[in-house]
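Chains as they are written, first to last, in the working numbering: chain A, 129 to 752; chain B, 1173 to 1490.
All C-beta atoms in this analysis are idealised placements derived from N, C-alpha and C, irrespective of residue type, glycine included.
Presented below is the structure to which this report refers.
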């Protein structure tokens, strides 16, 4: 039965600490644009914000299907928000089928408000009418608070084709519900459509205002999310844009890439801006050529980066080994997605760690950094460039699909001159210095750049001596392997042990890496409030590993890694302590520290939610 | 200075490079291998042009011929099998001051590196490319190559190869933006030198197909080339590769050809009567060069870069 849900009851707004809202639609209806705009407006007003995009893997999936759901989740609050949170409080659905894709992921709870496009109730197709009615009934049975909204009907008063524009009407509606500043909202709409005609901008502004007015006149939903008073200047962007800005900040001159989801948007951004900053984006013919080109540029003294995802890393493997062997500085970004093979292209996973560390034949030492926030996506590119040059080594920066499309405000970086790569050195090479003049203690050496007279050498992936000359001498190969590896130990000695979130000793220590930081710390905080003796650490350096881990682990009764990648559950058939396959960080930590580390991980393609981690902590510690 | 009159403009180079200045290790190729001849002629070319060894880079893949950079006293990059082109392209992209040479073999270029080959032709980056085609895998000891003729017996086709070979000239001439295609042989030094010289003069991706002998695994081919002088036709074209009279005499046959006509070039490349046309098949001096794009907006200062970054951050300021 249709619900007369739109009675306006009172105009008092309810003050809330935070809310999670989702907008889901068919692909191409603009739910993401609507949600991103809402998030930007909220961030600009001073709220904490985190967004997660809901992306179908197909370009144009069939309309009104569960698989085709496209949308966005926005968690908005008074405090800093560090993760996607648990179930949504409010949902806008453009048809009654798309919410099912989220229901199977347990995205909603009893009492979640659903603002549902009503037009399907009166569809010409009997099949659609029936599907609609049965879905509404089903939602209500699940305890969802369904409100049917005449979105299309209202939009038709302003535009002929509401498929384009409904999202801005919805934005207006949400701006009323959450008491967003309408002038900021108008600025945002102008910004979003800045490349369009004045006519299009005006139409979208009209839709925004109409949505706002309609909500004011017809809805009894009105929330206020108090803003954080801060003097600090903030910026807001997604993780891939942050990588792009990191490239600008590092002064990198060559970005060599091949399109791959979910990494490509970083290169889109760079293709737009890098030329203004003295760099160029090269779209190579394939992943292998992309890294080969970057290595060529770096060999010739131009700072270079290649940006890809897991399947791209697989293809680049041979060149990664060459960069390690021949000691060519290079930054490689891996925006991880679900694997193996083509896997889940648009979904999150932390499944590339072992491939990145050990994917090459032989020993291939490299630095691996993992960004855990959008801010770190920015900072780590600058850091990676410097490490690559100083240690003459390939440096990975691992991010993931969650960070790539998520938006979060962070303090505006204060731009520093020493971030940028210095101009290429063409002064004569110092006489007597060999092209691989390894320091016998640290393994470090300076490298000649083509153009430097006196520095002539032939780079080779074959075993070579200090002159760069091919050498099959057994002792030489042993020694040079040690020196390449030694560079990692040298870095390790400069690192501090990771900081501990919570007490320095207790019953349980959670170890995480990458984008799970916010969810882990939120769950740990909640568990501590319930009396659990739990703490967490979060690793940024995965090669070399941060120091002091064994000592930290020794202060806890149990250590548990929490990751988004595959592990056998100890309860699974045939699985025992000897044959169990652990999650990827757990494997490494077990090997490195000989501590019997347990793991909690899954490959559902979703960011981990605090409630799942909390449930695991409760189970481990028998806390209620 | 030195008692010279002031109005005498004397362009004295800092240093005169002799052949020895380009010679590094003693090549470890088999006696009778054509690679020796190419190396000698390249060193001669470097000396004739007085190329600054510090500004010259030899890039190769993997294979017998790809050891080439180790024998040149210039900068070198001996990389991965089939991947010389992406590396060379990356080197040259933003370093217009470097003189880049690429050495590749028939397996390296036409088999494992075929994808990169095709795109390198299209990028048309200014480099001198030598395809050493001896129709066999030598370094890995006698396997069939994509350019091996039907019936070639090797360790991987002991009963003779069954597929028709790839014709590298035909392939190269089929790619958009092709700008320079020439063919020569390793045993005719005058022609070899003249061809390499013309390739080096050309601005763009200068592709030189070198018909070669492998004395160890293709000895029959050596004899065939020796006895089959009739099969080689000298391409005669004005503004093309011009030989002196004595060198011309080493050819029994010749053909007139317009190297600006791509259809005529393709006809020569596709000749199926077993004829080899030596010289310049095709040249387009006006083809777009990707490194012209790569060489623009360089040399930004840290201050300029800081300004752009600050602007970008401000766009996202709350």
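Within the segment 1230 to 1262 of chain B, the residues whose Cβ lies closer than 7 Å to any Cβ of chain A are, in chain order, 1241, 1242, 1245, 1246, 1247, 1248, 1249, 1250, 1251, 1252, 1255, 1258, 1259, 1260, 1261, 1262.
Residue environment: residue 247 of chain A is assigned as buried (16 or more neighbouring CB atoms within 10 Å of its CB, all protein chains considered).
Relative to the Cα of residue 330 of chain A, the nearest Cα in the group A:341, A:315, A:342 belongs to A:315. Nearest C-alpha to residue 1241 of chain B among B:1196, B:1310, B:1475, B:1382: B:1196. A straight line joining the alpha-carbon of residue 238 of chain A with that of residue 254 of chain A spans about 29 Å. For the set A:201, A:217, A:227, A:446, the Cα lying nearest the Cα of residue 194 of chain A is the one of A:227.
Counting C-beta atoms within 10 angstroms of its own C-beta, residue 1435 of chain B has fewer than 16 neighbours from the protein chains shown and is therefore classed as exposed.
For residue 445 of chain A, the enclosing alpha helix (DSSP H) stretches over residues 438 to 454. An exposed status is given to residue 544 of chain A, since fewer than 16 other beta-carbon atoms sit within 10 Å of its beta-carbon. Annotation: Cβ neighbours of residue 548 of chain A in chain B (cutoff 8 Å, chain order): 1474, 1477, 1478. Counting the other Cβ atoms within 10 Å of the Cβ of residue 1319 of chain B gives 16 or more, which makes it buried. Residue burial annotation: residue 522 of chain A is buried, with at least 16 other C-beta atoms found within 10 angstroms of its C-beta. In the DSSP annotation of this structure, the continuous segment of the beta strand (DSSP E) that includes residue 1452 of chain B starts and ends at 1448 to 1455.
With contacts defined as CB atoms closer than 7 Å, residue 1452 of chain B and residue 1354 of chain B qualify as a contacting pair. In the three-state reduction of the DSSP assignment, residue 1343 of chain B falls in the helix class, which pools H, G and I. Per DSSP, the beta bridge partners of residue 1273 of chain B are B:1230, B:1300.
In the displayed model, residue 1382 of chain B falls within a strand according to three-state DSSP. 537, 540, 541, 543, 545, 548: these are the residues of the segment 525 to 551 of chain A whose beta carbon lies less than 7 Å from some beta carbon of chain B, given in chain order. Straight through space, the alpha carbons of residue 201 of chain A and residue 167 of chain A are spaced by roughly 10 Å. With respect to the 7 Å criterion, residue 473 of chain A and residue 389 of chain A are classified as neighbours on the basis of their beta carbons. In this chain, residue 522 of chain A is not harboured by any alpha helix (DSSP H); it is covered by the beta strand (DSSP E) spanning 522 to 528.
Here the alpha carbons of residue 365 of chain A and residue 723 of chain A stand approximately 39 Å from one another. For residue 462 of chain A, the three-state secondary structure derived from DSSP is strand.
Inter-residue distance for residue 1477 of chain B and residue 1297 of chain B is about 27 Å (C-alpha atoms, whole angstroms). Assignment of beta-bridge partners to residue 273 of chain A by DSSP yields A:241. In the three-state scheme derived from DSSP, where H, G and I count as helix and E and B as strand, residue 689 of chain A is classed as strand. Excluding the 5 residues flanking it on each side, residue 1209 of chain B has same chain C-beta neighbours closer than 8 Å at 1358, 1359, 1361, 1364, in chain order.
Between the C-alpha atoms of residue 425 of chain A and residue 598 of chain A there is a straight-line separation of about 23 Å. Residue 1295 of chain B is positioned such that its CB atom lies no closer than 7 Å to that of residue 1348 of chain B. When CB distances to chain B are screened at a threshold of 8 Å, the residues of the segment 163 to 188 of chain A falling below it are 171, 172, 174, in chain order.
Exposure of residue 234 of chain A is indicated by the presence of fewer than 16 other C-beta atoms within 10 angstroms of its C-beta.
The segment 1229 to 1244 of chain B makes no contact with the segment 508 to 523 of chain A, as fewer than three CB pairs between them are under 8 Å.
Contact with chain B is found for residue 379 of chain A, since one of that chain's Cβ atoms lies less than 7 Å from the residue's Cβ. Its Cα nearest to that of residue 1404 of chain B, the residue B:1449 stands out among B:1199, B:1325, B:1449. Across the set A:577, A:367, A:156, A:644, the C-alpha of A:156 shows the shortest separation from the C-alpha of residue 186 of chain A.
A direct Cα-Cα distance of roughly 28 Å separates residue 483 of chain A from residue 628 of chain A.
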